[in-house]
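Here's the structure we're looking at; comments come further down.
There are 2 protein chains.
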Amino acid sequence: MNPDILKERKSASFDVETLTNVLDGGPEKTRRRREIESMVLNDPDFQEEDPSFLSRSERYDQAVRKSAQMIQKLREYGIADPEEIYHYKKCVHPDRPEPLDLHLGMFLPTLLNQATPEQMDRYFMPAWNLEIIGTYAQTEMGHGTHLRGLETTATYDPATQEFVLNSPTISSIKWWPGGLGKTSNHAIVLAQLYTQGNCHGLHAFIVPLRDMKTHLPLPGVVVGDIGPKFGFNEVDNGYLKLENIRIPRDNMLMKFAKVAPDGTYAKPPSSKLTYGTMVFIRSMIVGESSRALSKACTIAIRYSSVRHQSEIRPGEPEPQILDYQTQQYKLFPLLATAYAFHFVGQYMRETYHRITGDINDGDFSELPELHALSAGLKAFTTWEANSAIEVCRMSCGGHGYSCSSALPDIYVQFTPTCTYEGENTVMMLQTARYLVKSYRQAKAGQQLSGIVSYLNEAQHRRVQPQPVAARPTVVDINDLASLVEVYKLRAAILVDLAAKSIQQELQRRKSQEDAWNNSAIDLVRASDAHCHYVVVKLFADKLRDISDTAVHSVMSTLALLYALHGITKNSGDFLQAGLLNVPQVLQTSVRIKELLSQLRPNAVALVDAFDHNDKKLNSVLGRYDGNVYENMFEWARRSPLNATEVHESFYKYLKPLRSKL
Amino acid sequence: MNPDILKERKSASFDVETLTNVLDGGPEKTRRRREIESMVLNDPDFQEEDPSFLSRSERYDQAVRKSAQMIQKLREYGIADPEEIYHYKKCVHPDRPEPLDLHLGMFLPTLLNQATPEQMDRYFMPAWNLEIIGTYAQTEMGHGTHLRGLETTATYDPATQEFVLNSPTISSIKWWPGGLGKTSNHAIVLAQLYTQGNCHGLHAFIVPLRDMKTHLPLPGVVVGDIGPKFGFNEVDNGYLKLENIRIPRDNMLMKFAKVAPDGTYAKPPSSKLTYGTMVFIRSMIVGESSRALSKACTIAIRYSSVRHQSEIRPGEPEPQILDYQTQQYKLFPLLATAYAFHFVGQYMRETYHRITGDINDGDFSELPELHALSAGLKAFTTWEANSAIEVCRMSCGGHGYSCSSALPDIYVQFTPTCTYEGENTVMMLQTARYLVKSYRQAKAGQQLSGIVSYLNEAQHRRVQPQPVAARPTVVDINDLASLVEVYKLRAAILVDLAAKSIQQELQRRKSQEDAWNNSAIDLVRASDAHCHYVVVKLFADKLRDISDTAVHSVMSTLALLYALHGITKNSGDFLQAGLLNVPQVLQTSVRIKELLSQLRPNAVALVDAFDHNDKKLNSVLGRYDGNVYENMFEWARRSPLNATEVHESFYKYLKPLRSKL
């Protein structure tokens with residue numbers, strides 16, 4: 111063990127294991143998670159070559175191998191609880207996406223949710239046993255977020271009782287679905303349904319893509335890999351062009367909407383039935399934001415505790431770089447963010463599960479708020495984590511650029527969350543739509559409940575934007591409850607500002623739609639403030655559940671840092687609204703410095719508590735033992751370019767060049 | 111040509127070619143640049159396989175091939191002007207680093223600057239003719255920015271008149287130098303010089319690494335590639351461990367410092383002699399920030415003009431995504447930033463050349479200011495461009511993640527600029543040191559000149575931070591000169607704040623060094639504000655040189671957008687200092703929206719003016735003709751994973767799995 115990191119661990123004021131239990135949701139959960147992780151980590155079948163040293167085809171190959179083994183072992187061991195499967199999978203493919211993700215996460219669940227009993231009989235067991243490997247083909251080359259724009263057609267032919275599927279244009283080619291390129295032999299294809307001369311919008315169809323025996327593409331199916339990407343090297347994201355593909359009528363998923371043999375269309379009873387999955391996935395992404403950021407923080411903070419550089423005091427040995435105020439200022443607010451997002455993710459999952467019962471009973475009353483919240487928080491947390499991971503990487507100096515640090519991989523694996531499952535700006539605007547709607551309801555005298563209740567008219571009237579210092583400020587910047595309040599008022603004011611912008615546009619005779627678009631900057635800003643408020647509030651709420659005094663104390667410091675750091679980063683908002691005055695903003699900066707010093711002795715222990723196993727983290731810089739340099743040297747020597755002492759390019763180009771110059 | 115992008119070009123209010131000439135520095139410069147570019151682009155010897163489809167070893171191989179051809183052809187064509195070589199090189203390796211970068215950019219220049227005439231005789235021609243290929247080995251595994259911390263030793267042995275070089279620890283292994291791993295057979299090694307029992311600090315030594323004939327590493331030389339990185343796949347960044355390597359006395363570069371045969375050390379006449387190169391390279395990086403960002407903007411804005419998505423008005427066709435206010439708000443300020451940084455880069459290069467004469471005459475008086483400015487601006491522009499490139503990428507939705515967009519490559523090639531040639535936070539603190547020193551001089555009654563003259567006491571007294579609205583504000587947010595003024599005052603106030611923080615720490619009996627470290631957040635913030643002021647000022651200054659009315663008009667709009675956008679992003683600073691009041695901040699937001707609308711018809715023309723050739727840009731999304739989708743499909747079909755219809759992993763893992771479940 112590196113003596114520096116040992117010293118850091120001794121300086122912690124709290125028990126790491128207790129905090130890990132808080133994060134996991136109890137000691138028993140921690141125990142079981144570790145048990146599952148060790149099943150994978152000690153299993154020689156899951157040993158791998160470092161993907162950084164492999165070509166893309168080799169990475170895909172290795173991932174398919176491990177996925178196949180994973181499926182087999184999960185069945186063998188009888189691991190069936192979704193949370194346990196999650197832990198197992200996250201260890202087999204350490205936070206990397208894999209070729210079967212869409213089969214397991216979309217194809218099977220869509221069958222479960224949208225197939226008729228007859229369809230279940232026909233498809234489920236073959237899919238469960240991986241004879242059928244499926245994907246979910248929705249996005250097209252020219253169409254993403256806006257589902258109505260999708261162009262793929264499924265035209266019913268009553269003569270043969272078949273649907274004829276087509277990709278009528280280049281832009282209609284299905285593009286991006288994971289596992290579509292090489293892995294899947296079936297896809298659930300989303301297409302515009304045409305029957306009896308009418309279009310009935312998007313419906314889902316089971317389309318065979320490849321021969322079950324030879325795995326060769328079927329006639330009329332043009333399928334392949336979309337090529338190299340920023341990350342996602344393990345996944346064969348694919349394209350699919352359908353040329354007059356005929357499938358039987360009962361390949362349409364007909365649990366809800368139906369097409370009769372004669373082509374008569376019957377529409378689904380409710381459009382909200384597929385709503386829940388989307389909310390669930392976005393809630394999960396909030397948790398992933400925390401997970402990815404917590405890994406980046408673990409690496410950056412451990413490394414900063416063993417890296418020595420430059421000098422603070424002349425003549426003394428080079429200090430640990432974690433002693434530089436600028437380094438603390440870069441990393442500790444991000445550490446606080448990782449914790450904040452973890453608790454938000456916990457809250458979202460719990461809330462989702464709480465209201466799932468209601469949804470199954472047909473009670474959708476709480477869904478709109480959760481939907482709006484999951485959209486905005488998905489965007490808020492992924493954007494924050496995305497840039498934060500890069501700050502962590504760059505805080506490691508040159509070595510952060512080496513793949514041995516794992517930081518480049520964490521970034522490229524995480525960054526797509528800003529775009530998939532709903533592009534972030536679109537998500538922010540969805541949340542804004544809910545906020546503006548609620549705002550108008552409140553204005554119309556309706557009493558709002560839930561998280562938007564701060565928009566209620568009575569409260570609202572008190573918080574008009576007004577010149578700074580015109581209102582007596584009673585905020586205590588050392589009191590978290592007071593800060594939650596001030597974040598709430600900021601959100602209220604920014605929602606008000608956005609709504610007024612729309613109003614002004616309407617008064618200039620703009621249409622509703624143009625007024626909305628011309629206020630979009632303000633709307634995104636309002637959503638952002640709303641989400642920020644929710645995060646601060648949930649972090650503060652969580653403190654109540656923490657009984658251990660030492661852990662409570664350090665978490666309170668982190669929560670305070672999170673809240674105050676957000677204020678300095680957005681001080682214009684708070685000043686502009688008169689929520690804080692200038693001396694308070696100056697005090698905030700001073701207080702932040704104190705909090706950084708306070709957190710300094712606990713920094714390593716705080717990342718230890720995330721409990722990222724070394725093998726999973728796979729980072730030379732983030733090693734638990736802090737022995738960075740010798741292991742970096744060892745890693746480098748395994749670089750494929752070192753397989754020979756002299757690279758062939760010397761003989762081919764450099765040596766011949768001498769005689770030519 | 112895509113009709114959308116054609117329409118965009120017709121809507122431009124200015125002549126693109128005229129603006130391109132402004133950027134190049136005159137029509138003749140544009141003509142010659144294009145002439146050189148076409149020499150490369152039409153040369154079949156420089157055709158290449160898309161690097162995205164290659165393994166790392168293949169990428170390195172292709173780069174060596176092209177570098178060798180480049181050297182040969184540059185000599186053949188007699189291209190010798192540094193600017194022309196730059197254009198040629200930037201076309202051969204489109205903005206990618208390459209294996210000979212350090213030979214050409216560091217090894218040869220260091221010989222020129224630091225070798226004695228005898229050493230020149232011995233080394234220069236062999237190096238010029240690539241018999242000797244060299245690199246510059248400074249950074250060690252455990253030591254980067256802080257040169258005094260480097261551990262490699264060169265101990266003089268008068269008995270044999272040799273230096274003995276050693277890497278005494280793991281952390282002393284040379285790490286990162288480009289071209290060190292496989293390409294170079296020599297290195298200029300920076301090592302601590304020991305002679306007659308004393309250490310005389312870092313000196314440069316020419317060390318042979320590989321046999322000139324066989325290219326095999328020499329005895330005692332442990333050399334290799336440091337392994338895969340975030341980008342830089344074409345370069346063999348290397349490690350070097352020296353085990354009692356003996357080199358003759360005259361392998362030390364002795365133009366300045368000297369070791370006599372008996373071991374007597376003679377120190378160099380001035381320490382500032384190597385200062386200029388650093389300033390030059392950092393100035394160049396400012397230009398690279400603009401270059402990389404202008405490419406990302408070109409891609410994002412062209413694509414946004416042909417991509418249609420969602421709806422603004424129901425029932426109407428999907429609009430170009432460039433019509434969304436949020437998209438304009440993402441991209442147009444970045445476009446303005448790319449222009450701003452281009453002009454700053456121009457200014458830095460011109461200033462450097464202007465004072466080079468003085469430096470050669472031994473007059474260093476202007477160097478400290480330029481040194482401070484180049485450090486801070488290097489950090490300011492690379493940080494800004496770094497995050498801006500990612501905003502551009504994510505503004506392209508899913509397709510921004512595809513390597514066919516070129517955006518992932520632009521990012522990974524650019525992001526190291528934040529760390530190399532001086533880690534950005536360290537750079538900001540260097541600038542801060544100059545600012546605080548100047549501030550103290552001004553306080554002591556000295557009259558400052560140059561760019562820091564705003565710190566002069568008289569002016570300074572007027573701009574103490576004070577409650578908002580307590581001072582009458584006379585800023586006109588529509589007047590660029592007025593905004594330059596307000597940026598200047600902000601910088602003055604933040605320098606004052608940082609200096610006072612140091613003062614307060616000293617009053618708490620902290621040492622100078624601890625006071626500095628405890629004020630580092632404020633110091634970085636002051637530097638940032640200083641650089642921001644300089645950028646706004648130089649952009650405004652540049653407008654005076656633009657005679658074409660139409661170009662002047664659109665550049666003025668961009669400059670105004672740049673300045674106002676910076677205000678909204680940092681509104682807290684301006685409010686806190688009482689430089690703007692709340693209504694002005696609100697007006698700024700409104701004004702920005704107007705500017706976005708104003709720029710909308712010129713957006714495509716403004717990126718066209720950067721004149722990035724399609725072949726160099728190598729981006730399907732950024733194609734000049736806007737024909738994105740068909741070319742994306744064609745590109746994807748060339749993906750190596752599509753070489754076979756069925757990937758071998760199907761036979762190896764997926765098919766056998768069926769019988770096991």
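If you're matching them up, the sequences are chains X and R in order.
The working numbering applies: residue 111 is where the first sequence begins, and numbers increase by one.
The working numbering applies: residue 111 is where the second sequence begins, and numbers increase by one.
Ideal Cβ placement from N, Cα and C applies to all residues, glycine included.
DSSP beta-bridge partners of residue i
| i | result |
| --- | --- |
| X:Ala-673 | According to DSSP, which records beta bridges pairwise, X:Ala-673 is partnered with nothing at all. |
| R:Val-174 | BP columns for R:Val-174 are empty, so no partner. |
CB contact check: residue i to chain R, cutoff 9 Å
| i | result |
| --- | --- |
| X:Ser-637 | no |
| X:Leu-696 | yes |
| X:Lys-770 | yes |
| X:Asp-651 | no |
| X:Glu-428 | yes |
| X:Glu-494 | no |
| X:Arg-748 | yes |
| X:Phe-442 | no |
| X:Asp-346 | yes |
| X:Arg-232 | no |
| X:Ala-673 | no |
Reduced DSSP category for residue i - H, G, I as helix; E, B as strand; rest coil
| i | result |
| --- | --- |
| X:Lys-68 | Coverage of chain X is limited to positions 111 through 771, which leaves residue 68 of chain X absent and any answer about it impossible. |
| R:Trp-285 | strand |
| R:Glu-479 | helix |
| R:Ile-431 | helix |
| R:Leu-545 | helix |
| R:Asp-372 | coil |
| R:Met-388 | helix |
Residue closest to residue i, alpha-carbon to alpha-carbon, out of the options
| i | options | result |
| --- | --- | --- |
| R:Pro-236 | R:Glu-250, R:Asn-223, R:His-213 and R:Gln-248 | R:His-213 |
| R:Met-815 | R:Asp-360, R:Leu-685, R:Lys-652 and R:Asn-712 | This structure gives no information on residue 815 of chain R, because the portion of chain R shown stretches from 111 to 771. |
| R:Arg-401 | R:Val-274, R:Ala-446, R:Asn-627 and R:Lys-440 | R:Ala-446 |
| R:Asp-658 | R:Ser-380, R:Gly-136, R:Thr-255 and R:Val-695 | R:Gly-136 |
Chain-ordered neighbours of residue i on chain R, where CB pairs are closer than 7 Å
| i | result |
| --- | --- |
| X:Leu-326 | Glu-755 and Val-756 |
| X:Ser-681 | Gly-682 and Gln-686 |
| X:Ile-283 | Phe-743 |
| X:Lys-726 | Neighbours of X:Lys-726 on chain R: none; closest Cβ ~19 Å, over 7 Å. |
Any chain X beta carbon closer than 9 Å to residue i
| i | result |
| --- | --- |
| R:Gly-254 | yes |
| R:Pro-154 | no |
| R:Pro-577 | Low confidence applies to R:Pro-577: its pLDDT is 46, below 50, so where it sits in the model is not reliable enough to give any reading. |
| R:Arg-175 | yes |
| R:Ile-702 | yes |
| R:Cys-641 | no |
| R:Thr-245 | no |
| R:Pro-518 | yes |
| R:Glu-840 | With chain R represented from 111 up to 771, any question about residue 840 of chain R goes unanswered, as that position is not in the structure. |
Within chain X, the residues that residue i reaches when beta carbons sit closer than 7 Å
| i | result |
| --- | --- |
| R:Gln-435 | Asn-627, Asn-628, Ala-630 and Ile-631 |
| R:Met-504 | Cys-528 and Thr-529 |
| R:Thr-535 | Thr-436 |
Partner residues on chain R for residue i, Cβ-Cβ distance less than 9 Å
| i | result |
| --- | --- |
| X:Ser-399 | Ordered by position in chain R, no residue passes the 9 Å Cβ test against X:Ser-399, which lies about 15 Å from the chain. |
Residues that residue i contacts on chain R, provided the C-beta gap is smaller than 8 Å
| i | result |
| --- | --- |
| X:Lys-292 | Leu-751, Val-756, His-757, Ser-759 and Phe-760 |
Proximal chain X residues relative to residue i, where beta-carbon distance stays under 8 Å
| i | result |
| --- | --- |
| R:Arg-166 | Pro-750 and Leu-751 |
| R:Thr-249 | Gly-508 |
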